[in-house]
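Q: Protein chains in written order, with this note's numbering: chain B, 1 to 389; chain W, 1 to 304.
Dumping the structure here so I can ask a few things about it.
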């Protein structure tokens, strides 16, 4: 058995320095007159999220692939755990914010989107994109911290995809989104009914996954306890708690708002986008506004997420940059474009629309999840059949 | 004269406030915290930014959403009398309640709420001086748990049209057929026509500029750094400097009619002038056919 190895001093020092830098950054942000407190908190939440994602390998594509290829359901069960905690927590908070789920009122900022074919198409595209590029957007962000050299290309592709999404938005909005119903489960079942219904669905999914589960062959644990990944359910529970705390104080977790803002701002300045994006700013979701300030809550969150992941990766010896191969770059770029377009027209991604949406009792979260996994499966098949990396 | 002044001063001090009039319409953060458990007090938040109330509000407050609760969304009008009465009763307001309104962004929309309350003749309505901004800056407590109050029994009156200016009233001033002063509370660049509206806003007029004859006193000039209204004497000077001294009726306007309620409140409640709010404001006036505008910047239909 490996000794309870503490990482080498050099790794500890780098990791501690990165964490200290984020904490200092957060302290600095706290001094900004307008919204400083929120920015500071965003930085700390981002730091924690980055650490949780990296240490528990909370990557939607990776855990799905584990299941498809090896019938290893543990990662997907971690996501189920995150959703279960989040659903209970969100609904507890809703009861404080909106004592009665009155029709016509939605909880503030919760990611409850319109149910339309555009949502399904966006989720499907996102699923294919994450299979091609190897991760969803949140996982690419934490893999940046691990030194992944393909992830920058995927994120670059996502920016292009976002711009394409903005360019197609007005047509999609008028043909599919404007008239689409916004379904919030507590409106129909009450808070208790919404929690019960969703937990039952999650339980059915969990039982199904567990029946299919095949424990992979035991591999001798490498390194000390500090270096081993956290079990997926631990990551799931922590992500679920963080999601609730974040919703309570700032807003739902989401990782695409800042990317979308950058894409929208860049495309706007070139005059490439329509002057008006119909109805877009009236939706909650990973809404994407033209940038007016250097620091937004989501921008700070993303930056700290990457740094949190970097600190965790260095600490555990997972920081391993290597040069990407050309096909990898091509896949990352193409997958990124599909993900960016999908996330834009579906008003968010695996974290914003699916994770935060399902926690909030949004039917749109479930629909996103369903089509996401359809696209993911198709993308995985294509990748395998074409022997594409 | 000196004796009269001294007596007034002593009287004011005895009343615990420098001016009797503002005390009738403003409460301080201190006062509110001390009286927060008074069962007759009904606290209502009217904020612009979504999620403000839910994530933290002053204990016991009820949330009014200005763009659904306080307006008639179909008619571009203020909320109807029956709907307003129901809204207030659901918020626990009774005939003997003291209502205190507060909100974010310097009480812009709380002041709009005060104007709607006044229009429907609700008595004992006050603004929390400084609103959320001051309450938060003083680190006073907020709670996240919203309560549903027991229903109240308030009876509201038919809308008092004397508090509201319509397009025709403003056109009459522009055409010098009416001796009313106009106060435009928007930014200097909007007033001069350099911009049609501040960046990022959706509600636009096809033309830029201001109503002929209007003076420009941006709303922010009425507030101190901590978000409270400036003292009455100072307010008097600010408005008198542009000829608004209470000697003739006043109409206030802005872009969609909400921020102008803030200046309406200062002029009407704190200074006691005869003031109407023009809630059609520049989005109506600047889009109306056949009415004169003043546009020093020379912008024409967005195609300068």
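Ideal placement from N, C-alpha and C gives every residue a C-beta, glycine not left out.
Mapping DSSP to helix, strand and coil, what is residue 24 (chain W)?
A: Three-state DSSP puts residue 24 (chain W) in a helix.
Q: Are the C-beta atoms of residue 274 (chain B) and some chain W residue less than 8 Å apart?
A: By this cut-off, residue 274 (chain B) is not an interface position.
Q: So which residues on chain W does residue 96 (chain B) lean against when the C-beta distance must stay under 7 Å?
A: Under the 7 Å cutoff, chain W gives 144, 145, 146.
Q: Tell me whether the beta-carbon of residue 33 (chain W) lies closer than 8 Å to the beta-carbon of residue 103 (chain W).
A: Cβ distance not < 8 Å, so residue 33 (chain W) and residue 103 (chain W) don't count as in contact.
Q: Are residue 359 (chain B) and residue 190 (chain B) closer than 8 Å when you measure CB to CB?
A: Not a contact, by the Cβ cut-off of 8 Å.
Q: By DSSP's criteria, residue 149 (chain W) is part of a beta bridge. Which residues make up the other side?
A: Beta-bridge pairing links residue 149 (chain W) to no other residue.
Q: Let me check understanding here. Comparing Cα to Cα, which of B:381, B:244, B:328 lies closest to residue 133 (chain B)?
A: When only C-alpha atoms are compared, the closest one is B:328.
Q: So, using beta-carbon positions, are residue 211 (chain B) and residue 55 (chain W) closer together than 8 Å?
A: The answer is no: Cβ separation not under 8 Å.
Q: Taking Cβ-Cβ distances below 7 Å as the criterion, which residues of the region 97-116 of chain W are in contact with chain B?
A: Result list empty, no residue passes.
Q: Pull the bridge partners of residue 181 (chain W) from the DSSP assignment, please.
A: Per DSSP, W:250.
Q: Look up residue 8 (chain W) in the DSSP assignment and say whether it is helix, strand or coil.
A: Since pLDDT at residue 8 (chain W) reaches only 46, below the 50 mark, its modelled position is unreliable, and the value read off the structure follows with that caveat. Of the three classes helix, strand and coil, the one that applies to residue 8 (chain W) here is helix, per DSSP.
Q: Do you know offhand how far residue 232 (chain W)'s Cα is from residue 176 (chain W)'s?
A: Looking at the two C-alpha atoms, the distance is approximately 30 Å.
Q: Is residue 377 (chain B) helix, strand or coil by DSSP?
A: DSSP places residue 377 (chain B) in helix when its eight states are reduced to three.
Q: Output the boundary residues of the alpha helix (DSSP H) element that contains residue 126 (chain W).
A: Taken as a continuous stretch (DSSP letters only), residue 126 (chain W) belongs to no alpha helix (DSSP H), being part of the beta strand (DSSP E) at 125-128.
Q: With burial defined as no fewer than 16 other Cβ atoms inside 10 Å of the residue's Cβ, what is the status of residue 259 (chain B): buried or exposed?
A: The residue is buried, with at least 16 neighbouring Cβ atoms inside 10 Å.
Q: So is residue 200 (chain W) buried or exposed if we call it buried at 16+ other beta carbons inside 10 Å?
A: So residue 200 (chain W) ends up on the exposed side.
Q: Within its chain, find whatever has a CB closer than 6 Å to the CB of residue 210 (chain W); leave out the 5 residues flanking it on each side and keep chain order.
A: Here the set comprises 184, 191, 294.
Q: Is the Cβ-Cβ distance between residue 160 (chain B) and residue 340 (chain B) less than 8 Å?
A: Taking 8 Å as the Cβ cut-off, residue 160 (chain B) and residue 340 (chain B) qualify as a contacting pair.
Q: For residue 84 (chain B), which residues from the same chain have a beta carbon less than 8 Å from its beta carbon, with the 5 sequence-adjacent residues on both sides left out?
A: So the list reads 199, 202, 240, once near-sequence residues are dropped.
Q: In whole angstroms, what separates the C-alpha of residue 253 (chain B) from that of residue 278 (chain B)?
A: If I take the Cα positions, the gap works out to 25 Å.
Q: Does any residue of chain W bring its CB to less than 8 Å from the CB of residue 108 (chain B)?
A: At least one chain W Cβ lies under 8 Å of residue 108 (chain B).
Q: By DSSP, does residue 44 (chain W) sit in helix, in strand, or in coil?
A: Strand, per DSSP.
Q: Closest by CA to residue 115 (chain W), which one among W:31, W:257, W:261?
A: Measuring from the Cα of residue 115 (chain W), the nearest candidate turns out to be W:261.
Q: Could you tell me which whole beta strand (DSSP E) segments of length 3 or greater appear in the region 226-297 of chain W?
A: For the region 226-297 of chain W, whole beta strand (DSSP E) runs of length 3 or above, ordered along the chain, are 250-253, 275-277.
Q: Mind the definition here: the region 172-183 of chain B touches the region 278-296 of chain B only if three or more C-beta pairs lie below 8 Å; say whether that holds.
A: As far as the Cβ criterion goes, the region 172-183 of chain B touches the region 278-296 of chain B, which means the pair count is three or higher.
Q: Would you please verify whether the beta carbon of residue 249 (chain B) is less than 8 Å from any beta carbon of chain W?
A: By this cut-off, residue 249 (chain B) is an interface position.
Q: Per DSSP, residue 102 (chain W) forms a beta bridge with which residues?
A: Partner(s): W:45.
Q: Could you work out which residues of chain W lie near residue 100 (chain B), taking near to mean beta carbons separated by less than 9 Å?
A: Within 9 Å Cβ-Cβ: 148.
Q: Look at the Cβ atom of residue 129 (chain W), then the Cβ atom of residue 229 (chain W), and state whether they are nearer than 8 Å.
A: Contact flag set, yes.
Q: Using the beta-carbon count (16 or more within 10 Å), is residue 247 (chain W) buried or exposed?
A: Result: exposed.
Q: Starting from the beta carbon of residue 60 (chain W), find every residue of chain B whose beta carbon is closer than 7 Å, and list them in chain order.
A: What residue 60 (chain W) touches in chain B: nothing, since even the nearest Cβ is about 13 Å away.
Q: Would you say the region 75-84 of chain W touches the region 130-140 of chain W, given that touching needs at least three Cβ pairs under 8 Å?
A: Touching, no, given that fewer than three Cβ pairs across the two stretches are closer than 8 Å.
Q: Would you identify the three-state DSSP class for residue 57 (chain W), choosing helix, strand or coil?
A: Note: residue 57 (chain W) maps to strand in three-state DSSP.
Q: Could you tell me whether any non-hydrogen atom of the ligand ATP is closer than 7 Å to the CB of residue 144 (chain W)?
A: The ligand ATP is not among the ligands present in this structure, which contains no ligands whatsoever.
Q: Can you give the Cα-Cα distance for residue 367 (chain W) and residue 218 (chain W), rounded to whole angstroms?
A: Here chain W comprises residues numbered 1 to 304, so residue 367 (chain W) is not present and cannot be evaluated.
Q: Per DSSP, what kind of secondary structure is residue 264 (chain B) in: helix, strand or coil?
A: In the structure shown, residue 264 (chain B) sits in a helix (DSSP, three-state: H, G or I).
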